[in-house]
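Read the structure below first, then the notes.
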Amino acid sequence: MRRLVLCLALGAAALGCSRQPSAPDERAKPLDLPSQPASPGDPEAESESESESETGDPLVGEAAHVIPFADRTSMGYLLLLPPGTKLDQAPTREHLQALVEQAYPERRGEGELDLLLTLIATSPHTTDLGFNGELEPPSLDEGDEGGERDEGDKRDEREAIADKAERQRTFDLIGLHIELIHLGIGDNATIPSTALRDPVLTRELSDEQRASLLGRSQALLLRADYRNQSAVRGLRLLQTLVRVAAEHYEALIHDPDTLETTNLAAFEQRRLRAAAGNVADQIAIVPFPDPEDDQRLRLSTRGMRRFGSVDVELAGLPRDPKRLQQASDLIAGLALALVKEAEVDISGFAVEVPHEIEIDCELIRQSYSTRDYEPPCSGSTLVHLVERPPEPHDPQDHVVARIVAPRPLSDAPDYDHSRWVEATLDPRGR
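Going left to right, the sequence shown walks through residues -23 to -1, 1 to 407 as mature numbering (1 follows the signal peptide of the UniProt record, and there is no 0) numbers them.
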């Protein structure tokens, strides 16, 4: 296997990472990093549990190396309504459908537009898994008003009901939540005021838009439930709806996972495209101190939940803009690889993260495909993911996995993670 070589022109540093890490000490600082987070090899952590507890504790031991993708996921955007705008109630599904049809009159009857209209019309609870667990198909043996029925007819009807339930179970578009939210202030704020004041998280807004943020007290939540199928069709359709609704309501758009707030033009530019695979536009890559070495940093993603995947983190990085950019590039390629691997099987069941994931230059370039940036590199590398304990700055209720060397290397007693990272990013730097 060839090592992945990533060579960087420093002028491109801002393009490779959604949140540029070139000056970590000047950035908004992450909230309340634990002073002594549990390390993967901590004997106390190992003794607590060998599997996930009922309270949601992280997996440890061998279980930490087995990471499933979600069989269904969701993504929600908050549309921040202009100051002074007060809606009495959330828009109806019919109103949102009408907005979409008005926005795309020439596309009526097209497959994906019709699917978007179907998604808008569908309340998520109507497509819950059919007839699994405690749910049973309705009895066809009692209460028939048509008198005696042929056993063959009853069997055919049962099969038709079961077929419909199976289609619902495997269909990728589960439903849409629509809710009007009062954003609140202080401790009751839906969006932390620090996120609305952060110049990095609001970098795509004009000065006027940024100044209006704290006056926007009402938001429309649009959240789709879907499965990662057909190039994450559920997410792409949701983003189409969000663009239409944001234009109609003159709203700014807040991403609760990445904490970024954007305007319509930036959201349109970064939308997920089926053929492009521009996953780097969908996530943020955020620097944090490395708890094992205060002279080094780690980069963590936010936003992978929307693909049914864990977020990932690469530690052991020197405080050097070039290396941080190279690490961002590697993470962008890994993110796309995970999105491809996370696609739910046609049976409707989720799959697991492979024990080894190959990252090559094509994945990295495709992840950046909508940007004027092509990181020069050659070769490929293999990585392994292992779940780590949660930390206060992690995305809420979402697993983060560490990027390490394949297990034959990372399980060895003399494994030096920082040295592996340096050699992986650029063998010439050894």
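C-beta atoms are modelled at their ideal positions from N, C-alpha and C, and glycine is treated no differently.
Residue i to residue j, Cα distance in whole Å?
i	j	result
ARG279	GLN74	30 Å
ARG282	GLU128	47 Å
VAL381	ASN165	38 Å
THR99	ARG300	46 Å
GLU227	GLN186	11 Å
VAL398	GLY53	34 Å
GLU351	CYS338	10 Å
CYS(-7)	ILE262	Residue confidence is low: CYS(-7) scores 36 on pLDDT, short of 50, so the model does not pin down where it sits. No coordinate-derived value is stated.
ASP234	ARG70	25 Å
LEU173	ASP388	42 Å
PRO353	ALA309	14 Å
HIS225	PRO298	41 Å
LEU96	ILE323	19 Å
THR179	GLN79	30 Å
PRO367	GLN246	32 Å
GLN66	LEU191	21 Å
ARG342	PRO372	26 Å
HIS375	ARG365	11 Å
GLN272	LEU90	51 Å
With residue i and residue j assumed to form a contact (beta carbons below 8 Å), what rounded beta-carbon distance in angstroms separates them?
i	j	result
ASN255	THR347	4 Å
ILE151	PRO68	Not a contact, Cβ separation roughly 20 Å.
residue 413	HIS231	For residue 413 there is no data in the structure shown, the boundaries of the chain being -23 and 407.
ARG220	LEU58	Incorrect: roughly 16 Å between the Cβ atoms, too far for contact.
SER51	ALA208	In fact, because the Cβ distance is near 17 Å, the residues do not count as touching under 8 Å.
LEU92	LEU214	6 Å
GLY211	ASP149	6 Å
Count the other C-beta atoms from every protein chain shown that fall within 10 angstroms of the C-beta of residue i, then say buried if there are 16 or more, exposed otherwise.
i	result
LEU64	exposed
ALA242	exposed
ILE162	exposed
HIS361	buried
GLU290	buried
ARG396	exposed
SER277	buried
GLN302	buried
Check residue i in the structure and name its three-state DSSP category.
i	result
PRO233	coil
ASP288	strand
ARG220	helix
THR103	Reliability fails at THR103, whose pLDDT of 49 lies under 50, so the model's placement of it is uncertain and no value is given.
SER344	helix
GLY88	helix
HIS375	coil
HIS361	strand
SER355	strand
THR278	strand
ALA208	coil
TYR392	coil
GLN195	strand
ASP202	strand
ARG387	Inspection of the sequence shows that residue 387 is occupied by Ser rather than by Arg. Helix at SER387.
PHE265	strand
ILE158	strand
GLY254	coil
LEU402	helix
TYR54	strand
ALA320	Note that residue 320 corresponds to Glu in the displayed sequence, not to Ala. Three-state result, GLU320: coil.
GLY61	coil
GLU83	helix
When you compare the CB positions of residue i and residue j, do they come within less than 8 Å of one another, or not?
i	j	result
ALA196	LEU160	yes
SER344	ALA257	yes
ALA47	GLY285	yes
LEU307	ILE336	yes
LEU294	ALA304	yes
LEU199	LEU153	yes
ALA378	VAL287	yes
LEU359	PRO383	yes
SER189	PRO82	no
THR217	LEU229	no
VAL328	HIS42	no
ILE158	LEU55	yes
PHE265	HIS370	yes
LEU340	LEU313	yes
ASP267	ALA251	no
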